[in-house]
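Trainee:
In the UniProt record's numbering, the protein residues as written are 1 to 71.
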């Protein structure tokens with residue numbers, strides 16, 4: 001858990017399937033940036049899958065990791 005203005009915070013990072021069902025949920029402290037969890041989520045992504053992500057995952061390193069995994 002992370003701290004924000006004196007209280008504990010948390011964030012859920014999740015890989016979901018086409019129906020929105022969680023496949024690989026990850027719980028982190030609230031201060032953890034999305035990009036720090038990207039590699040773990042990519043590891044759970046099936047090869048050849050279509051990947052949709054928000055701007056928190058927009059980096060060359062993440063795109064390269066996804067390309068290596070054929071995602």
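Even glycine gets a Cβ: it sits at the ideal position worked out from N, Cα and C.
Computed from a predicted model, the values in this text were never measured in an experiment.
(1) Assess, as a yes-or-no matter, whether the region 57-64 is touched by the region 33-47 under the definition of 3 or more beta carbon pairs within less than 8 Å.
(2) Among all the DSSP beta bridges, which residues are the ones paired with residue 26?
(3) For residue 70, which residues of its own chain have a beta-carbon under 8 Å away from its beta-carbon, when the five flanking residues on both sides are left out?
(4) Taking the alpha helix (DSSP H) that residue 36 belongs to, which residues open and close that run?
(5) Mark residue 33 as exposed unless 16 or more other C-beta atoms lie within 10 angstroms of its C-beta, in which case mark it buried.
Mentor: Taking the structure as given:
(1) The region 33-47 is in contact with the region 57-64.
(2) Answer is 13, bridged to residue 26.
(3) 47 and 48
(4) 34-43
(5) With fewer than 16 Cβ atoms within 10 Å of its Cβ, residue 33 is classed as exposed.
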